[in-house]
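Notes to accompany the following structure.
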Amino acid sequence: MSSKNLLFVVGARPNFIKIAPLCIELGKRGGMPFQIVHTGQHYDQLMSDVFFEELNIPEPDFKLEVGSGSHGKQTGDMMAKLEGLCQEHAFSCIVVIGDVNSTLAAALVGAKLNIPVAHVESGLRSFNRSMPEEINRIATDHVSDVLFVPTQLAMANLRNEGLQARSHFSGDVMYDMILHGLELAHKHSSILEQFQLSPKAYYLATLHRPYNVDAPEQLKAIMSGLSSLDAPVLLSAHPRLQKNLAQFGIAVGKNVQLTQPFGYLDFVVLEKNARKVITDSGGVQKEAFFVQTPCVTLRPETEWVETIETGANLLVPDRTAEAILKAAYQETAPRYEESPYGDGNASKIIIDILQSKYYS
Ligand code: UD1
Ligand code: UDP
209 MSSKNLLFVV GARPNFIKIA PLCIELGKRG GMPFQIVHTG QHYDQLMSDV
259 FFEELNIPEP DFKLEVGSGS HGKQTGDMMA KLEGLCQEHA FSCIVVIGDV
309 NSTLAAALVG AKLNIPVAHV ESGLRSFNRS MPEEINRIAT DHVSDVLFVP
359 TQLAMANLRN EGLQARSHFS GDVMYDMILH GLELAHKHSS ILEQFQLSPK
409 AYYLATLHRP YNVDAPEQLK AIMSGLSSLD APVLLSAHPR LQKNLAQFGI
459 AVGKNVQLTQ PFGYLDFVVL EKNARKVITD SGGVQKEAFF VQTPCVTLRP
509 ETEWVETIET GANLLVPDRT AEAILKAAYQ ETAPRYEESP YGDGNASKII
559 IDILQSKYYS
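Per my numbering, the sequence shown starts with residue 209, numbered consecutively.
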């Protein structure tokens, strides 16, 4: 095995969408060796395999099959398995993506084995340390050697933490992905016809943050808000939501259609054609911005601050039914032209830097 060999670590749904444009870029260069490890954090077909298939991501070289568990157990299991893998193989750099437990586990393993770590989507901060993702972001950035940064605000966050020397502004890989994804989706998706939806006549919702879906009263309030909206709501059910709705016995209102998670190509078409997107997802807020659909975010704060500053996204800190309706009906005048997420070349910039540092 060549030591000029990158290891990309993925495990959860947003990781798959973010690695896809990097693989496209690597594919264009031909012959650059890289391998992929899938930790198994997400494992349902609709949370994992579907993205490899439709986005043409190479089959993972290694599958750790760690599965679900508490934070400590899940992260610890991943670390033990990743450490073994890195001791058996020679990797010139470990590339970690985003802010999930798989990201943190791999970054720590690389740092402890003195293997360079590169972090894609670095510098994001919600300044809410009760979110597991915030801890993952901070710890990952501080143990990584190379930081690829999607926005200028994230660059400023890293500067404030003394990390500017390792930081490279790249733009956002999800923006690269959606430019390509929308093109593919127009060819392959018939989701509006399948669900008999007309453009701008429905809301698209996703929910999975523990503070929204793990607390029965909170989840009930959100479902009541969604049920009272003035148009049908398509609610893509993350497994955490699906499980909790059943466990708490919360009814789903008549105008809310609870669906299995969608593939990426169908989902971006749904985002583009929705009247508004209502979500607590990080990536979905940003994609709503990219496709110019106003967004309502059921969170007290966001790490994607530019979506708020441009008027494209409204936070609902107090997630009562009334507050959700008020935000959903509020007229907005987003300034999408400010385009804070780069110019669609993030993957090229990232692979250029990785190539010069770890292949030459
Ligand atoms: C994880 C990430 C979160 C990210 C989200 C994206 C962490 C700490 N959290 O949250 O940052 O926004 O993914 O979707 O890394 N489950 C299944 N099938 C699956 C995966 C999960 O049934 O394929 C169920 C299990 O009951 C599991 C629960 O969902 O316990 C939560 O999964 P987990 O990966 O721990 O957290 P997420 O809420 O998905
Ligand atoms: N997504 C998808 N199908 C769905 C819901 C979301 O393909 O039914 C995609 C979405 O397009 C985005 C990503 O999942 O690219 C966001 O992941 P998620 O909301 O799970 O995690 P987060 O971004 O909050 O970490």
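Glycine included, C-beta positions come from ideal geometry on N, C-alpha and C. Predicted, not measured: the structure shown is a model, and the values here were computed from it.
Are there any heavy atoms of ligand 2 lying less than 7 angstroms away from the beta-carbon of residue i, as far as the coordinates show?
i: E495; result: yes
i: V476; result: yes
i: G471; result: yes
i: S444; result: yes
i: I486; result: no
i: M382; result: yes
i: H394; result: no
i: S489; result: yes
i: T414; result: yes
Is residue i helix, strand or coil when you go by DSSP?
i: Y411; result: strand
i: K271; result: strand
i: N521; result: strand
i: F356; result: strand
i: I265; result: coil
i: I458; result: coil
i: I305; result: strand
i: Q450; result: helix
i: S444; result: strand
i: H388; result: helix
i: K289; result: helix
i: F470; result: coil
i: M209; result: Its pLDDT being 43, under 50, M209 is placed unreliably in this model, and the value from its coordinates should be taken loosely. M209 falls in the coil class under three-state DSSP.
i: F259; result: helix
i: I323; result: coil
i: Q372; result: helix
i: I561; result: helix
i: Q500; result: coil
i: Q282; result: helix
i: Q402; result: helix
i: H250; result: coil
i: F475; result: helix
i: L214; result: strand
i: T528; result: coil
i: T348; result: helix
i: Q493; result: helix
With distances taken Cα to Cα, identify the nearest neighbour of residue i among the options.
i: E369; options: P340, S330, G389, S398; result: S330
i: E546; options: G519, P266, K565; result: G519
i: A319; options: D349, N309, E342; result: D349
i: Q426; options: R527, T467, F299; result: R527
i: A529; options: G461, D551, E479; result: G461
i: K534; options: C503, S564, T414, L562; result: C503
i: A393; options: I232, Y472, L312, Y566; result: Y472
i: P222; options: Y544, T505, N322, Y251; result: Y251
i: D285; options: D257, P266, L316, I265; result: L316
i: N322; options: T311, N309, Q295, R333; result: Q295
i: K395; options: P469, Q282, L290, V477; result: V477
i: S352; options: Q402, C301, G389; result: C301
Let's test the definition: count the other Cβ atoms within 10 Å of the Cβ of residue i and tell me whether it reaches 16, buried, or not, exposed.
i: D307; result: buried
i: T487; result: buried
i: K235; result: The displayed chain sequence assigns Gly, not Lys, to residue 235. Per the 10 Å Cβ criterion, exposed.
i: M209; result: Here the model assigns M209 a pLDDT of 43, short of 50, so the residue's position is not dependable, and the following value carries that caveat. M209 should be labelled exposed.
i: A541; result: exposed
i: E479; result: buried
i: Q404; result: exposed
i: F475; result: buried
i: Y537; result: exposed
i: A459; result: exposed
i: Y544; result: exposed
i: A220; result: buried
i: A373; result: exposed
i: Q253; result: exposed
i: P229; result: buried
To which residues of the same chain is residue i closer than 8 angstroms at the C-beta, ignoring the five residues directly before and after it?
i: A409; result: A439, P440, R483
i: D380; result: E329, P358, T359, K494, Y549, G550, A554
i: G552; result: G379, Y383, D384, L387
Which residues in the same chain have their Cβ closer than 7 angstroms to the Cβ of residue i, if we skip the five residues on either side of it in sequence?
i: P340; result: H279
i: I516; result: T510, L523
i: E267; result: F260
Does any heavy atom of ligand 1 sit closer than 7 angstroms to the C-beta of residue i?
i: D285; result: no
i: G235; result: no
i: S276; result: yes
i: H297; result: no
i: K451; result: yes
Given residue i, which residues of its chain have a CB within under 6 angstroms of its CB, disregarding the five upstream and five downstream residues?
i: I557; result: S378
i: S256; result: H250
i: V513; result: L361
Compute every distance between the C-beta of residue i and the non-hydrogen atoms of ligand 4, then say whether any falls below 7 angstroms.
i: G550; result: The model on display carries ligand 1 and ligand 2 but not ligand 4.
Are the C-beta atoms of residue i and some chain D residue less than 8 angstroms apart?
i: W512; result: Absent from the structure: chain D. Only one protein chain is present.
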